[in-house]
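Numbering (our numbering), first residue to last: 243 to 314. Glycine included, each C-beta is placed from N, C-alpha and C at the ideal position. If you're wondering where the values come from, they're calculated on a predicted model, not measured in any experiment.
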Amino acid sequence: MAKIVGALDALEARLDDLACIDLGSITTACALGYLDFRFADKLDWRARAPGLAAWYADFAKRPSMQKTRPDA
Numbered sequence: 243m244a245k246i247v248g249a250l251d252a253l254e255a256r257l258d259d260l261a262c263i264d265l266g267s268i269t270t271a272c273a274l275g276y277l278d279f280r281f282a283d284k285l286d287w288r289a290r291a292p293g294l295a296a297w298y299a300d301f302a303k304r305p306s307m308q309k310t311r312p313d314a
């Protein structure tokens, strides 16, 4: 969990790196979705990284993200 928290802190500090859609931003979005899927009851990552949470909320609206959600 400490590694996840460290990664969240690093991503929060580098939000500008997620501005374009590339392999890095797609991977980040998938990882955040995985956190919601597996650790929703153990880690409130949105409270820790509000900028990242806002970015993810927007990115998660993409049709490709909607079609590949675990509950889709």
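- Here the alpha carbon of Leu260 sits roughly 15 angstroms from the alpha carbon of Arg304.
- Taking C-alpha positions only, Ala291 is separated from Trp297 by approximately 10 angstroms.
- Judged by DSSP in its simplified three-state form, Leu285 adopts coil rather than helix or strand.
- Ala271 is classed as buried because its beta carbon has at least 16 other beta carbons within 10 Å across all chains shown.
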